[in-house]
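**Q**
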Amino acid sequence: MPLSPLDAPVWDIDLFDNPATTIGALKAAGKIVICYFSAGTAEDWREDYRSFAAADLGNVLPEWPNERWIRTGSQGIRALMAKRIKLAADKGCDAIDPDNTDGYQNDNGLNLKNIDAVDYLRWMQKEAAKYEMRIGLKNSLDILNDVSPIIDFAVNEQCAQQGECQAYDNFVALNKPVFHIEYPLPLNEQAMNGASCKGTGVAGLSTIMKDLKLNGMSYYCDGSYVDTPTIGDKLDPNATANELLASSTIDYENIYDTAKSHFVDAKTNKYIGPLLCSSITSLFFFYTAYKIKFEMTPSNRQIQRSRRIPAPLRKGQGMYVLARSVKKTINFATPSRLLKQELRDIPVIRLENGLVSMEVTPQPLVKIAKRNAKRSPLLCLPGEIRNKIWVFAMGGDYVEVPGDSDTHPTGSAVSHPRWPTTRPFSAFHLPEVCRQIYAETAILGYKHNTFVVGYGIGRTTKTWASKLLQVQKEAIASLAPTDMFLETYISNMYRKSLREHFPGLRHVEVGAGCVDLCRRFMSAHLDPEKKMTTEDWQELIAKKINEKEGTDIEVAFGEKADMEAWKKEMMHGDWFD
1 MPLSPLDAPV WDIDLFDNPA TTIGALKAAG KIVICYFSAG TAEDWREDYR SFAAADLGNV
61 LPEWPNERWI RTGSQGIRAL MAKRIKLAAD KGCDAIDPDN TDGYQNDNGL NLKNIDAVDY
121 LRWMQKEAAK YEMRIGLKNS LDILNDVSPI IDFAVNEQCA QQGECQAYDN FVALNKPVFH
181 IEYPLPLNEQ AMNGASCKGT GVAGLSTIMK DLKLNGMSYY CDGSYVDTPT IGDKLDPNAT
241 ANELLASSTI DYENIYDTAK SHFVDAKTNK YIGPLLCSSI TSLFFFYTAY KIKFEMTPSN
301 RQIQRSRRIP APLRKGQGMY VLARSVKKTI NFATPSRLLK QELRDIPVIR LENGLVSMEV
361 TPQPLVKIAK RNAKRSPLLC LPGEIRNKIW VFAMGGDYVE VPGDSDTHPT GSAVSHPRWP
421 TTRPFSAFHL PEVCRQIYAE TAILGYKHNT FVVGYGIGRT TKTWASKLLQ VQKEAIASLA
481 PTDMFLETYI SNMYRKSLRE HFPGLRHVEV GAGCVDLCRR FMSAHLDPEK KMTTEDWQEL
541 IAKKINEKEG TDIEVAFGEK ADMEAWKKEM MHGDWFD
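Residue numbers (the UniProt record's numbering): 1 to 577.
Pasting the structure below:
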């Protein structure tokens, strides 16, 4: 059966991960097949890794502990790459897409220069020509003009995001194609209205917008989209998610201890992990802190390969400053000097709803996020499963509004009463673990928890609401006002409705103490003969709340132990995004 999109004439696929039968099927359908491989690094999971001589290996890539730069001028290296190019020809590839030719831009440990990359590309072009294959240039804009005469096409990631697409103007003028990939967040039909399609220099490029996980979903600048069938599409997300949740346990003390060891500065005892650039960090956080046992757990070797974790980040001048990594159970990689500088220069850009925009991302972080999203056993799961895991991890609890304000990117800080409230960590910091998780979960904590609001907890409901973004206030569906607040609310001393602050409100929990307070302070004019029972007072309170908030508000009475039905709906209902 032909693969969609049927009208895509060119397919750029991994040389090692795709068999000759797949390439043959694509060619039989009239497609041009470009085969990707890393030409500038040695990857320790490749079958030919042991053939790389130690003398030809340079520094470890800061963001990829399992890759090392290679001496591209070495005869041994070129012999290995000649075999890879021949493999591409044997599989039927029409062209090759050699990656990581930009070692000269990095701390490679081999003194590689621009001229070395140019010479290497010229050699690979001649080698590919032996098999009548074409060759392209992946990124490496610094040498584009030098190699333009010998390359047939270019492949670029994120030039629109980086504002660099105009560098291809002369290349496009030669009638040579540029295959341009962007990874907008979120990935949807609205992305066509952004820089990915309308940025300077983009018009002459062949643009596709994809998810960082490199799954089958693709969007185009004409507003169309396609979901190419990929391995794993037959997975039943609901069944798998239920199995994941059923096999998981929570140790609340270990949650904090693990979080602290990974994300809290040992000297200052302050949280240092806003928007970590590596999505793989979340995998280990959920493995260790939440003890979620995946049936799709990879082998130990795969886990070792996946430990591509840059050091934690903390807020500083600009948006981020890299902090010293806390080496506990995870082997954090040491960030490069160039990456540090790029991170310092990231501006804070917010969306119209106030959340932090993920659009501005340095190229090294794009590479990290793309590979981790594809290889992480957590982040490569279908979206339906990830969403249930996020809700499981972040929801179904009572959240008390603290007295101190906090301006971390997810909004006003809150903490769980059932965790020590003085500790500087809560589920509301989980969106800050990495950029992908932030994009998917920035408001989930507000949507799937019950908030304890009112007097006697450091601030009034109005003051707290004023510190929230509108999108966060709209997400809040469940409140548990304090007894004192409810008494003043019911007696009309607090005249505003709760929905004026929280328009998405659906549920109000009334504690047992509220009935006692109302009976004590309101009996004089509502029940002078003291004939009203507890049930009568509950009915009156529910009526007052429904009069102010609307009859669609669910009012529940009793202690928190009686709220399991609502918690179950919050955790497992089908009304979340």
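The beta-carbon is built from N, C-alpha and C at its ideal position, and this holds for glycine as well.
1) How many angstroms separate the CA atom of I457 from the CA atom of G550?
2) Can you check which of these residues, V33, D56, E554, A512, is closest to E535 by C-alpha distance?
3) Taking its Cβ as the centre, do 16 or more other Cβ atoms sit within 10 Å of R68, making it buried, or is it exposed?
4) Please confirm whether W123 and R71 have their CB atoms less than 8 Å apart.
5) Confirm, please, whether the CB-CB distance from T200 to C221 is below 8 Å.
6) Would you say L112 and I151 are within 8 Å of each other, going by their C-beta atoms?
7) Where does H525 fall in DSSP's three states?
8) Taking the alpha helix (DSSP H) that H448 falls in, what are its first and last residues?
9) Which runs of the beta strand (DSSP E) spanning at least 3 residues fall entirely within the region 49 to 102, listed in chain order?
10) Between the Cα of I13 and the Cα atoms of G58, F179, S51, G40, which residue gives the shortest distance?
11) Tell me whether E115 is buried or exposed, calling it buried when 16 or more other Cβ atoms sit within 10 Å of its Cβ.
12) What would DSSP say about W11, mapped onto helix, strand or coil?
13) Which two residues bound the contiguous alpha helix (DSSP H) that contains G24?
14) Anyone know if the C-beta pair for residue 580 and V118 falls short of 8 Å?
15) Use the C-beta contact count for D56: other C-beta atoms within 10 angstroms, 16 or more gives buried, fewer gives exposed.
16) Quick one, which of V510, E127, S51 has its alpha-carbon nearest G76's?
17) Reducing DSSP to helix, strand and coil, say where T422 ends up.
18) In the DSSP assignment, the beta strand (DSSP E) including I545 goes from what residue to what residue?
19) Using 10 angstroms around the beta-carbon of T21, count the other beta-carbons present and answer buried if the total reaches 16, otherwise exposed.
20) With three or more C-beta pairs closer than 8 Å as the rule, is the region 158 to 173 touching the region 15 to 35?
21) Can you have a look at Q472 and say buried or exposed, based on whether 16 or more other CB atoms are within 10 angstroms of its CB?
22) Would you please state the rounded distance, in angstroms, between the beta carbons of G507 and S478? I believe it to be under 8 Å.
23) Going along the chain, which unbroken runs of the beta strand (DSSP E) with 3 or more residues stay wholly within the region 107 to 153?
24) What residues are listed by DSSP as bridge partners for N156?
25) When the distance is taken between beta carbons, is T450 closer than 8 Å to E547?
26) Alpha carbon to alpha carbon, what distance is there between I135 and L80?
27) Using the three-state DSSP reduction, which class does I476 fall into: helix, strand or coil?
28) Quick one: measure Cβ to Cβ for A95 and I34, integer angstroms, because I've assumed they're closer than 8 Å.
29) Within 7 Å: the Cβ of L214 and any heavy atom of the ligand MG?
30) With the cut-off set at 8 Å, would you say P184 and K138 are in Cβ contact?
31) Output needed for C197: all residues of its chain with C-beta closer than 7 Å, excluding positions within five of it in sequence on either side, in chain order.
32) Tell me I34's beta-bridge partners as DSSP assigns them.
33) By alpha-carbon positions, which one of Y219, G73, E127 ends up nearest to L87?
34) Residues in its own chain within less than 7 Å of L505 by CB, not counting five upstream and five downstream?
35) Would you kindly work out how many angstroms separate the C-alpha atoms of Q190 and V555, rounded to a whole number?
36) Tell me which same chain residues have a C-beta within less than 8 Å of the C-beta of D169, skipping the five on either side of it?
**A** According to the structure shown:
1) For I457, the predicted structure reports a pLDDT of 42, less than 50, and the residue's modelled location is therefore unreliable. The matter cannot be settled from this model.
2) A512
3) buried
4) no
5) no
6) no
7) helix
8) Note, H448: premise wrong, no alpha helix (DSSP H); not H, not E.
9) 57 to 61, 64 to 70, 95 to 99
10) F179
11) Here residue 115 is Ile; the residue named in the question, Glu, does not match the sequence. When all chains shown are included, I115 counts as exposed.
12) strand
13) 20 to 28
14) A query on residue 580 cannot be resolved here, the shown segment of the chain reaching from 1 to 577 and no further.
15) buried
16) S51
17) Residue placement at T422 cannot be trusted, given a pLDDT of 29 that sits under 50; what the coordinates show is reported in the next sentence. It is coil, neither helix nor strand.
18) It is not in any beta strand (DSSP E) - I545 instead sits in the alpha helix (DSSP H) that spans 534 to 549.
19) exposed
20) no
21) buried
22) Contrary to the premise, residue 507 reads as His rather than Gly in this sequence. Correct: roughly 4 Å between the Cβ atoms.
23) 134 to 138
24) H180
25) no
26) 17 Å
27) coil
28) 5 Å
29) What this structure holds is no ligand at all, so the ligand MG is not there to describe.
30) no
31) T207, C221
32) D12, A95
33) E127
34) I476, A477, L479, L498, R499, E549, I553
35) 38 Å
36) G201, G204
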